[in-house]
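All residue numbers in the sequence shown are consecutive under UniProt numbering, ending with 474.
We put the CB at the ideal spot given by N, CA and C, even for glycine.
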Amino acid sequence: MSQNSEAPTKNGVGEATPSFASTVPELKSWSDSESDLESDPGDSASVGAEAGAPVQQKSVTVLLMGMTGTGKSSFIRLLTGNKEIKIGKSIEPETSDISTYDFAQNDELEVTMVDTPGFDDNRAHMSDSKLLQDLIEFLLKRRNAKTVNGLIYLHRISDVRFGGTATRNLRMFSRLCGPDAMKNVVILTTRWDETRRDVAEKTETDLMNGHFKEFVNNGAKLLRHDNTAVSARNVISSILDLPPIGEIKVVNEIVGGRSLAETDAGRELDSQLTQLKTQHVEDINGLRDQYKAARLAQDEEQQAEIKRLRDELLAKLEKVDKDKKNLEGMKEWTFASHGAQIGSNIPFVPSVIGTMVGGAVGAVADHRARKKQQAKLRRAQSHRAAAGGGVVDEGEKETEEVEVEQVEDLTFKAQASRIGANIPFVPSVIGSLAGEALGTVADYRKGTKDKAKAKREQGQTTDPVAWFKGKLPL
Ligand SMILES: Nc1nc2c(ncn2[C@@H]2O[C@H](COP(=O)(O)OP(=O)(O)OP(=O)(O)O)[C@@H](O)[C@H]2O)c(=O)[nH]1
Ligand SMILES: [Mg+2]
């Protein structure tokens with residue numbers, strides 16, 4: 001039996017479920033909590049089955065977070081068997097992008113695991129503000145399409161002290177998720193395989209009464225992982241039964257109109273970066289006193305070492321300073337300016353209209369891209385003509401001509417009508433007509449603009465007052 005299977009599973013009220021139970025995915029968990037009596041997702045699913053309602057989610061998404069080196073990528077590799085997932089060989093951070101990995105739990109259920117890098121100011125090529133932005137953009141992109149069902153926060157049980165970076169990551173995680181998501185959180189302690197059992201258990205108790213207390217009190221589970229596939233699968237099984245979270249706090253904040261910098265997570269990061277800056281300045285100043293002492297003692301080796309440390313700290317200070325400025329710039333990063341293009345919906349607007357507006361935005365982009373493509377094709381044609389040569393391949397020429405034709409045919413009217421016809425819940429004829437009407441107006445206005453432009457280019461005036469003046473004698 002794996003170590004994880006012997007682990008007590010702590011739920012929101014701090015009860016321990018029997019260890020064996022957690023190894024059997026089919027078993028429903030037992031608890032004395034009244035809320036369990038009111039709603040049992042397992043039971044309602046089976047009632048739904050009888051009534052012909054959808055019985056099971058087809059897709060489940062699990063997001064992993066935690067400090068670098070805690071074993072996020074290793075965990076996903078164990079689950080998926082994907083050998084291409086890179087895991088760290090040194091203390092240097094390994095993962096630098098957010099990546100997803102899919103695997104089939106069974107015939108009816110696909111699980112998407114999301115691997116993320118940890119927040120770490122020592123990371124050379126990536127900043128924490130960029131990571132926050134990436135996380136938010138990632139969550140917005142998947143908004144509604146694939147709701148997050150579970151969040152796993154990893155921590156090494158072998159760490160004798162809860163260091164600064166661990167604290168920073170845990171605080172960021174807490175601010176990103178918010179208390180409401182905690183029922184879907186698993187705090188996973190790793191490296192049980194390499195830690196003395198009594199020491200690990202003592203650390204676990206300390207964590208439960210200290211750093212993880214707020215999480216457990218809000219409903220998070222505390223589980224153990226011993227680096228085996230069985231243990232990883234048990235953890236995932238405990239998440240699959242959970243109902244989807246909806247949106248986690250940071251997404252709601254952004255969609256509700258806050259800028260990225262003004263979300264709780266953004267503010268937390270700002271205060272962390274300010275703290276780091278102060279710390280680096282203090283450390284550099286402390287080194288200055290040591291340097292003076294080394295000079296008095298004429299200890300050249302010591303002087304050189306202190307200078308090296310100072311340069312290292314200066315580089316860190318510069319990086320943090322840059323990161324802080326970058327985060328300040330994200331006061332401009334709002335759902336309206338960025339999120340709407342990333343996410344599928346617009347805040348407070350019914351999804352039908354949101355989809356239409358989204359479609360229209362997409363169609364304009366599409367239109368521009370096609371215009372560019374048209375110009376490119378034309379340039380290529382005129383170059384060939386200037387070079388005196390035609391298109392060698394007749395088939396290619398034909399394709400090219402069809403492409404130009406398609407591009408030219410792409411009026412707003414045609415596009416709007418196409419979008420209108422696809423509005424959900426609106427009969428396609430009506431949607432198509434409404435879209436066509438809007439598109440016709442847009443085309444008319446565009447046509448007028450184009451004519452005015454052509455006249456301007458020929459030196460003719462389009463200003464009615466000037467035109468009138470031009471008609472006056474003298
Ligand atoms: N013994 C033991 N080693 C582990 C465990 N989990 C991870 N490791 C090792 O810890 C190191 C870091 O693991 P990763 O999976 O790369 O950690 P990560 O959280 O993805 O780290 P970043 O990508 O840098 O954020 C690797 O050498 C793993 O082999 C575990 O449960 N037990
Ligand atoms: Mg990793």
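The DSSP-derived three-state label of Q298 is coil.
Note on geometry: alpha-carbon atoms of L269 and V250 lie some 13 Å from one another. By the Cβ criterion, the stretch 115-126 is in contact with the stretch 61-73, since at least three pairs of Cβ atoms, one from each stretch, lie closer than 8 Å.
Note that the C-beta distance between K83 and S73 is not below 8 Å. In the structure shown, the three-state DSSP call for I236 is helix. T190: member of the beta strand (DSSP E) spanning 185-190, first to last residue.
Within the DSSP secondary-structure output, H155 pairs in a beta bridge with T189.
Counting only residues of its own chain and dropping the five nearest sequence neighbours on each side, T100 has a CB closer than 6 Å to the CB of T112, V114. Within the chosen limit of 7 Å, ligand 1 reaches the beta carbon of G69 through at least one heavy atom. Assignment of F103 by DSSP, reduced to helix, strand and coil, places it in the strand class.
Contact annotation: the stretch 267-282 touches the stretch 318-325, with at least three C-beta pairs closer than 8 Å. When S158, A452, M126 are compared, the shortest CA-CA separation from D198 is found for S158. In the structure shown, the three-state DSSP call for L64 is strand. Runs of the alpha helix (DSSP H) spanning 4 or more residues and lying entirely within the stretch 255-305 occur at 264-296, in chain order. In this structure, K72 has its beta carbon less than 7 Å from a heavy atom of ligand 2. Distances from the CB of E84 to the heavy atoms of ligand 1 are all 7 Å or more. Beta-bridge partners assigned by DSSP to T112: T61, D102. Under the DSSP assignment, K221 falls in the beta strand (DSSP E) whose first and last residues are 221-224. Spanning the alpha carbons of T203 and R196 requires a straight line of approximately 11 Å. T95 has its CB nearer than 7 Å to a heavy atom of ligand 2. Q272 and R168 have their C-alpha atoms roughly 7 Å apart. Straight-line spacing of the CA atoms in I187 and L207 works out to 10 Å. DSSP places A166 inside the alpha helix (DSSP H), whose first and last residues are 164-177. The alpha-carbon of K89 is positioned some 23 Å away from that of K316. Annotated as distal: K331 and A232, with beta-carbon spacing of 8 Å or more. V148 carries a strand assignment under DSSP once its states are collapsed to helix, strand and coil. Per DSSP, the continuous alpha helix (DSSP H) segment holding R77 begins and ends at 72-80. About 6 Å separates the beta carbons of G339 and I254, which is inside the 8 Å limit, making them a contact pair. CA-to-CA, the gap between D128 and L242 works out to about 30 Å.
In the same chain as E110, and ignoring 5 residues on each side of it, the C-beta atoms closer than 7 Å to its own belong to K58, S59, D102, A104, in chain order.
Taking a C-beta distance under 8 Å as the contact criterion, I76 and A181 do not qualify as a contact pair.
Closest by C-alpha distance to P179, out of Q290, L151, Q303, is L151. Here DSSP, grouped into helix, strand and coil, assigns K213 to helix.
Annotation for I136: the continuous alpha helix (DSSP H) segment containing it runs 128-141. In the three-state reduction of the DSSP assignment, G329 falls in the helix class.
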